[in-house]
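Participant:
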Amino acid sequence: MTKILLLSHSKNMLNFLSERLKFENFDTTAAEDISSATKMCNQNHYDAAIVDGDMEHKNIDIPTIVVVRKAEVESAVEALRSGAVDYLSTPVDMNRLLSTLRNISGESQTDEQPRPRTPRHAVRRTNCATQPIIGESEAIGRVREMIERVAPSDARVLILGENGTGKELVARWLHLKSSRYEAPFVEVNCAAIPAELIESELFGHEKGSFTSAIKQRKGKFELADGGTLFMDEIGDMSLSAQAKVLRALQESKITRVGGDKDISVDVRVVAATNKDIRGEIIRGNFREDLYHRLSVIEIEVPPLRERREDIKLLVGHFMEEICSRHNTEVKDIEPQAIEILSSRDWTGNIRELHNVVERLIILSDSTITADIVRRYCRAR
Numbered sequence: 353m354t355k356i357l358l359l360s361h362s363k364n365m366l367n368f369l370s371e372r373l374k375f376e377n378f379d380t381t382a383a384e385d386i387s388s389a390t391k392m393c394n395q396n397h398y399d400a401a402i403v404d405g406d407m408e409h410k411n412i413d414i415p416t417i418v419v420v421r422k423a424e425v426e427s428a429v430e431a432l433r434s435g436a437v438d439y440l441s442t443p444v445d446m447n448r449l450l451s452t453l454r455n456i457s458g459e460s461q462t463d464e465q466p467r468p469r470t471p472r473h474a475v476r477r478t479n480c481a482t483q484p485i486i487g488e489s490e491a492i493g494r495v496r497e498m499i500e501r502v503a504p505s506d507a508r509v510l511i512l513g514e515n516g517t518g519k520e521l522v523a524r525w526l527h528l529k530s531s532r533y534e535a536p537f538v539e540v541n542c543a544a545i546p547a548e549l550i551e552s553e554l555f556g557h558e559k560g561s562f563t564s565a566i567k568q569r570k571g572k573f574e575l576a577d578g579g580t581l582f583m584d585e586i587g588d589m590s591l592s593a594q595a596k597v598l599r600a601l602q603e604s605k606i607t608r609v610g611g612d613k614d615i616s617v618d619v620r621v622v623a624a625t626n627k628d629i630r631g632e633i634i635r636g637n638f639r640e641d642l643y644h645r646l647s648v649i650e651i652e653v654p655p656l657r658e659r660r661e662d663i664k665l666l667v668g669h670f671m672e673e674i675c676s677r678h679n680t681e682v683k684d685i686e687p688q689a690i691e692i693l694s695s696r697d698w699t700g701n702i703r704e705l706h707n708v709v710e711r712l713i714i715l716s717d718s719t720i721t722a723d724i725v726r727r728y729c730r731a732r
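For the sequence shown, the working numbering assigns the number 353 to the initial residue and increments by one for each residue that follows.
Following this line, the structure appears as structure tokens:
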């Protein structure tokens with residue numbers, strides 16, 4: 353079981369996180385001051401820590417997620433510069449928190465033996481354990497065919513598609529079916545990182561390169577050396593960062609922030625965006641030369657409304673996965689309920705469908721009926 357250390361002055365925050373995480377099968381321990389937390393870390397193994405943003409946490413040498421208040425953006429920036437793997441603003445987005453924790457813990461490991469302590473900056477460097485691509489439609493078949501053709505090469509790939517269509521899953525399969533499958537698969541969400549931190553996140557930094565750079569840090573390009581770097585939401589990257597990414601792709605070299613030494617990297621870059629990237633080029637928001645470097649191959653992932661025939665299979669898969677996670681028997685679902693779900697437009701695509709199926713499982717008895725779907729699944 354994944355062990356999480358909670359550190360906060362607020363008992364309400366500790367109780368809230370402890371209850372929610374225990375429900376999701378995490379083992380939590382709470383501390384109300386840094387000295388207690390440090391002592392716990394020295395005496396026990398923890399996979400990650402969740403820390404109140406106004407508390408010192410530099411001595412906690414495990415992957416750390418910092419919780420800040422909405423107005424404390426500067427605190428979040430400082431936390432990331434100091435080595436936190438992610439930050440969340442209150443009220444806490446539990447879906448994002450759970451996603452980050454599962455990436456840290458590496459849920460593909462099924463043994464219960466304590467794992468070696470994970471360096472905080474190794475997060476998202478994975479062996480790419482992944483989910484299957486579900487569906488038998490012609491549209492998803494074309495995506496599978498492209499993966500089979502493209503994966504064995506080292507060609508860069510640009511994945512296009514709306515939010516929630518499964519672009520990350522496609523990237524993971526490109527890695528898994530490549531000759532690099534035993535090397536790291538490293539992800540970076542370009543939209544989730546503040547503009548002033550993106551270069552440090554990608555290329556790393558040297559000690560003393562800015563105020564809170566208390567030690568040298570490798571960036572995502574170095575962490576992905578020999579493997580695949582998945583750059584999600586590439587269309588949200590600043591022009592300054594785009595120029596440096598272009599140089600890294602052209603020369604296979606990077607320079608850490610505050611450094612003057614070229615570092616060679618062997619990385620296959622797979623990028624993704626939900627934006628009209630050609631439109632962004634016309635508007636001056638994206639470099640055309642970088643686009644051509646990234647899009648040797650383009651794979652377009654269809655929205656769910658264009659593959660409605662796959663919804664029944666997806667619902668069945670999600671029901672098995674969610675019921676297993678909640679330790680409940682797999683429930684039945686009426687054919688009429690499937691018909692209602694299949695008629696929706698699903699603007700949030702597969703991600704939205706997954707959330708709705710989880711809601712229906714929690715709120716239904718042994719069978720998900722059409723009436724339950726109408727009641728708890730708002731039409732769009």
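Idealized CB from N, CA, C, for every residue including glycine.
Values in this document were obtained by computation on a predicted structure and should not be read as measured data.
(1) Leaving out the 5 sequence neighbours to the left and right, which residues in its chain are closer than 6 Å to A423 when beta-carbon positions are compared?
(2) Starting from the Cα of L549, find the closest Cα among R608, R703, F375 and L575 and give me that residue.
(3) Reducing DSSP to helix, strand and coil, say where M583 ends up.
(4) Under a three-way DSSP split, which group does H678 fall into?
(5) Alpha carbon to alpha carbon, how far is E661 from V667?
(6) Between V437, K605, G587 and G579, which has its C-alpha nearest E640's C-alpha?
(7) Suppose contacts are defined by Cβ-Cβ distances below 8 Å. Is E585 in contact with C542 by that definition?
(8) Hey, is the region 678-690 in contact with the region 700-708, meaning 3+ C-beta pairs nearer than 8 Å?
(9) Alpha carbon to alpha carbon, how far is S694 from K664? Give it in angstroms, no decimals.
(10) On the CB-based measure, 16 or more other CB atoms within 10 Å of its CB, does S362 come out buried or exposed?
(11) Compare the C-alpha of W525 against each of K605, Q568, D406 and F582 and name the closest.
(12) Does the region 441-459 come into contact with the region 390-409, if we say contact requires no fewer than three beta-carbon pairs (one atom in each stretch) closer than 8 Å?
(13) Kindly give me the distance between the Cβ atoms of K572 and L554, rounded to whole angstroms, as I take these residues to be in contact under 8 Å.
(14) Less than 8 Å between the beta carbons of A624 and K519, yes or no?
(15) Would you give the residue range spanned by the alpha helix (DSSP H) that L440 belongs to?
(16) In the DSSP output, which residue or residues are listed as bridge partners for I356?
(17) Measure from the alpha carbon of N626 to the alpha carbon of each residue in E497, T699, R599 and I714, then state which is nearest.
(18) Just confirm the distance between the C-beta atoms of F537 and G579, as a whole number of angstroms; I'd bet it's less than 8 Å.
Facilitator: Short version:
(1) Confidence is the limiting factor: at A423 the pLDDT is only 49, short of 50, which leaves the residue's position unreliable, though a coordinate-based value still follows. Excluding positions up to five away in sequence, the list is empty.
(2) The candidate whose alpha carbon is nearest that of L549 is R608.
(3) The three-state secondary structure of M583, taken from DSSP, is strand.
(4) Coil, per DSSP.
(5) If you take the alpha carbons of E661 and V667, they lie about 11 Å apart.
(6) Checked all of V437, K605, G587 and G579; the closest Cα to E640 is G587.
(7) Result yes, Cβ atoms of E585 and C542 sit closer than 8 Å.
(8) Touching, no, given that fewer than three Cβ pairs across the two stretches are closer than 8 Å.
(9) Rounded to the nearest angstrom, the gap between the Cα atoms of K664 and S694 is 7 Å.
(10) The residue in question, S362, is exposed, as its Cβ has fewer than 16 Cβ neighbours within 10 Å.
(11) Of the listed residues, the one whose Cα sits closest to W525 is F582.
(12) The answer is yes - the region 390-409 touches the region 441-459, with three or more Cβ pairs under 8 Å.
(13) The C-beta separation of K572 from L554 comes to about 5 Å, placing the pair in contact by the 8 Å criterion.
(14) Result yes, Cβ atoms of A624 and K519 sit closer than 8 Å.
(15) For L440, no alpha helix (DSSP H) segment is defined; the enclosing uninterrupted segment is the beta strand (DSSP E) at D438 to S441.
(16) For I356, the pairing in a beta bridge is given by DSSP as T380 and A400.
(17) Of the listed residues, the one whose Cα sits closest to N626 is T699.
(18) Contact check for F537 and G579: beta-carbon distance about 6 Å, within the 8 Å limit, so the pair qualifies.
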